Structures are given as C-alpha cells and as structure tokens.
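For reference, the structure is listed below as structure tokens.
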C-alpha cells in the first residue's frame, strides 16, 4: 500500500501572492467555465478574480454582509454568499450589485446550493431552507422562502440536491417543483436525511454515524449517498431504501474533506492524512502522508490528488501511485480552500492571502465532460450574459494600459460607473 511519503520538489515561490482580503479567506468557488474565482473572507466581503488570465485581477468586491462569509456558490452570472449574519445574498457579477437579501435563518449559514429555480441553504439553526432564486415577481412583503426542512436535532451542515426525472407535458412549467426532486442533508446530530422538495417532508433517516457528518456526495447516478463523519468513517447508503451499504474505516481522526469519483473516493482527515478508497469494496488503497495538520481540502484532477492543510501547505500526490510530486509552501497560516484551474492552483489561507501556484505539467490529459442538453442551454444563456462582463474587462485592460497606475484606473472606473473594483 502506497504511503505518499517520498520526497518531492518544494515550491516556496508562488506565481502570485494577493493580499487584498483583510482577514482569513474562508471559502472559494469557481464559475462553470472556471474563468472566474470568487473568494469569501472573515472581513465580511467576497471578491471576484480573473482566474485564467496571466495576471489574477480583482474584478469586483461584494460588500454588504455584517459578519464573516461562510460559503459561496456561483450560478450563471450570479454569486450567492452565506454569512455568519444568518443571511444569504444574491449578487450580479456584471455590476457587483446585491440583488436580494434572504433573511429567515436564526444562525449562521453553513452551505448553499442553487439549481437556477431554487436556492437551498443549511444553517446552525438546525434547519434547511429552500428559496426562490428569481424574486422579481414577488411583492415587497412576500417571503421568498418556500420550504423549511425541520427535523435535525443539531446544526445542518452539508447539502446534496438530486433533481427528479424531467417532466414534460401540458400544464407543466420548468419553474414548478418536480415531485421527485430530493434534498439530502447531513447534520451535527450524526444523521443524514432525505427530503421531498415538493412537500418538505422527511423521506428517510440515515442512521449509523457516531459523530457529526462533515461532508457528503453522491455517485454519478444519484443513487448512492456517501457521508463522511467526525467519527473517523465514511458510509455509503442506498438513497431509495436508506440502507447502509458499506463502512469505510481506517482514519485515526475525524474526516473533514471528501472527493468522490467514478470508482474511487478520497478523504482528508484531522489525522493529517488523505486516503483513497475503492467505492465498490470499501477498501483503502492508498494513504497519502506528509501533512502535519488536518487535511482541509482534497481535489483530484487528471490523476493528481491536491491536498490543502492546516500546516500552511498544499501538496500534489500521484493519486494512483501515492507518491508525493510537489509541495507548495508559503502561507503563514492554515490553508482552508483550494481550486485547480488550467495548470495553476489557487489556495486561500487563514492569513488572508490568496496564492496562485504553478502546477503545469502535473495534470495529464485533462478533459472536460460533455454538457447535457439542459446544461448546454444554460451555458449558452451564460455566454450571452457574460458579454457585458467581458466588455467591462476590455475597458479594464484598456485603462490599465493607458494609465499604468491601478489606483488611477480604479478611481476613474469608480467615478464612471459606481462599481466597486479593486
């Protein structure tokens, strides 16, 4: 069994070191085409960055939360942020304008999902909520919250949404709630639950863990649920019946990050290691060692396992062989978020720094999955709406070339449009 303990090159010189955030970077999310990266911070702001340009530029700042940002998701040309102020905010990427504030939770938001019609949020107030994404036809006093999912005894943490079979026919609108839509929630009470989005009723309770469920995912068919827990185990479940299929045991401390592929799943633990597992058998095939603190993020791209840790480093392992390929060192506090984009790694740290690292040559034969018809339609819509943003980026480049000074360019743009740019 591979240990991943072999020596590898140490990179202590990032391509870029960006210090715009004033406090810890707590989360990040990519746009669907990976051209934009959004980071959230303890400073109460989210920032949007160009992630595929030679120089990573801050394209906008989202200000409005009264406490730190806890989670981010990106849908189409909108950014959704959840905060410790118990609110959710929807932002327009092209203007950085806050379009909606969703209030109703009694405690900080943990996770957000969006499918274009509905926003799903989990909270430490022990509930999950579903909200209307488009509120343009609501009266000022009309509540955008359409469902409150109650039943968990402690904080609701990870979320998974499984769309039902597509419905067509007379009288059916795509904006209607599909009766077969499912929402899955994991909780600090050690259970997971499946819910009918249509009725808000609990369908199944997945019991077995002896600690909080920290992260969840499903297989590609949406039939098997994987739950990772602070009880040191991962469990797989048949979603339809609620039956536990397998228990993945081997970590010596709680599991706090997970990535699920077609045949393998990967976990990161507070024991300082990452592991790979065969989904069908529940067998651990590799243990990736070297970190001196919790493994906060795991991500697999083209045969490379990227890990981030509280020990202030990022590591790149050969996922199959288990060997360590590269170590990235430069943060002055734990790394809490990670994203891989076209040969580069972005890491966000508790030091408030966004680092860009060179990972070119590590990921081989990188391919993108084909889009389904609905995803393709969504993509075409996104491309149309991105035209405005691209025009703004062209203005940005022209101004930067003309004046040279970022400060002068920023003042000119702010005076012209009122948009918060960095």
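Numbering (the UniProt record's numbering), first residue to last: 1 to 422. We put the CB at the ideal spot given by N, CA and C, even for glycine. A quick note: this is a predicted structure, and the numbers were derived from the prediction, not measured.
With C-beta atoms as the reference, is residue 112 less than 7 Å away from residue 71? yes
Same chain, Cβ closer than 7 Å to residue 293, neighbours up to 5 away in sequence not counted: 272, 309, 310, 311, 334
In this structure, how does DSSP classify residue 14 when only helix, strand and coil are distinguished? If DSSP states are grouped into helix, strand and coil, residue 14 belongs with coil.
By how many angstroms is the C-alpha of residue 91 removed from the C-alpha of residue 63? 10 Å
Who are the Cβ neighbours of residue 300 in its own chain at under 7 Å, not counting the five residues just before and after it? Here the set comprises 259, 261, 266, 319.
Verify whether the separation of the beta carbon atoms of residue 154 and residue 187 is less than 7 Å. yes
Assuming contact is defined by CB atoms lying nearer than 7 Å, are residue 96 and residue 89 in contact in what I supplied? no
Of the residues 156, 102, 125, 128, the one placed nearest residue 138, counting alpha carbons only: 102
Report buried or exposed for residue 176, applying the criterion of at least 16 other Cβ atoms within 10 angstroms of its Cβ. The residue in question, residue 176, is exposed, as its Cβ has fewer than 16 Cβ neighbours within 10 Å.
Classify residue 201: buried if its beta carbon has 16 or more other beta carbons within 10 angstroms, exposed otherwise. exposed
Going along the chain, which unbroken runs of the beta strand (DSSP E) with 3 or more residues stay wholly within the stretch 205–244? Segments of the beta strand (DSSP E) lying fully in the stretch 205–244: 213–218, 224–229, 234–238.
By how many angstroms is the C-alpha of residue 325 removed from the C-alpha of residue 18? 25 Å
What's the C-alpha gap between residue 336 and residue 307? The alpha-carbon of residue 336 is positioned some 10 Å away from that of residue 307.
Cutoff 8 Å; reference residue 256; Cβ partners in own chain excluding five residues on either side: Contacts found: 214, 215, 228, 230, 268, 269, 270, 294, 295, 296.
Looking only at its chain, what residues have a beta carbon closer than 6 Å to the beta carbon of residue 125, apart from the 5 residues adjacent to it on each side? 105, 106, 107
Using only alpha-carbon positions, find the residue among 33, 160, 41, 76 that is nearest to residue 353. Comparing C-alpha distances from residue 353 to each of 33, 160, 41, 76 shows the shortest one belongs to 41.
Hey, could you find the ends of the beta strand (DSSP E) residue 315 is sitting in? Segment 313–318, the beta strand (DSSP E) holding residue 315.
With distance defined between alpha-carbon atoms, name the residue in 234, 250, 208 nearest to residue 287. 250
Entirely within the stretch 96–180 and at least 3 residues each: give me those beta strand (DSSP E) ranges in chain order. 98–103, 109–114, 118–123, 127–132, 145–150, 156–162
Reference residue 25; option with closest CA among 46, 129, 35: Among 46, 129, 35, the Cα nearest to that of residue 25 belongs to 46.
Kindly identify the DSSP beta-bridge partner or partners of residue 276. Per DSSP, the beta bridge partners of residue 276 are 266, 286.
Host beta strand (DSSP E) of residue 41 (start-end): 36–41 is the span of the beta strand (DSSP E), which, as asked, contains residue 41.
Need the endpoints of the beta strand (DSSP E) that residue 323 sits in, please. Looking at the DSSP string, residue 323 is not in any beta strand (DSSP E), and its letter there is neither H nor E.
Using C-beta distances below 6 Å, list every residue in its chain close to residue 31, excluding the 5 sequence neighbours before and after it, in chain order. Counting only residues of its own chain and dropping the five nearest sequence neighbours on each side, residue 31 has a CB closer than 6 Å to the CB of 74.
Cα-Cα separation, residue 15 to residue 205: 47 Å
Given that a residue counts as buried once 16 or more other Cβ atoms are within 10 Å of its Cβ, and exposed if not, what is residue 43? buried
Pull the bridge partners of residue 46 from the DSSP assignment, please. 40, 62
Name the two residues that bound the continuous beta strand (DSSP E) containing residue 92. 87–92
Would you kindly work out how many angstroms separate the C-alpha atoms of residue 13 and residue 264, rounded to a whole number? 32 Å
Residue 241 to residue 331, Cα distance in whole Å? Annotation: residue 241 to residue 331 spans about 45 Å, alpha carbon to alpha carbon.
Rounded C-alpha distance that separates residue 328 from residue 344: 12 Å
Please state whether DSSP places residue 188 in a helix, a strand or coil. Shown here, residue 188 sits in coil according to DSSP, grouped into three states, outside any helix or strand.
Close Cβ partners of residue 233 (< 8 Å) along its chain, the five nearest in sequence each way excluded: 209, 247, 248, 249, 251, 255
Outcome for residue 302 when other beta-carbon atoms lying within 10 angstroms are tallied against a minimum of 16: exposed
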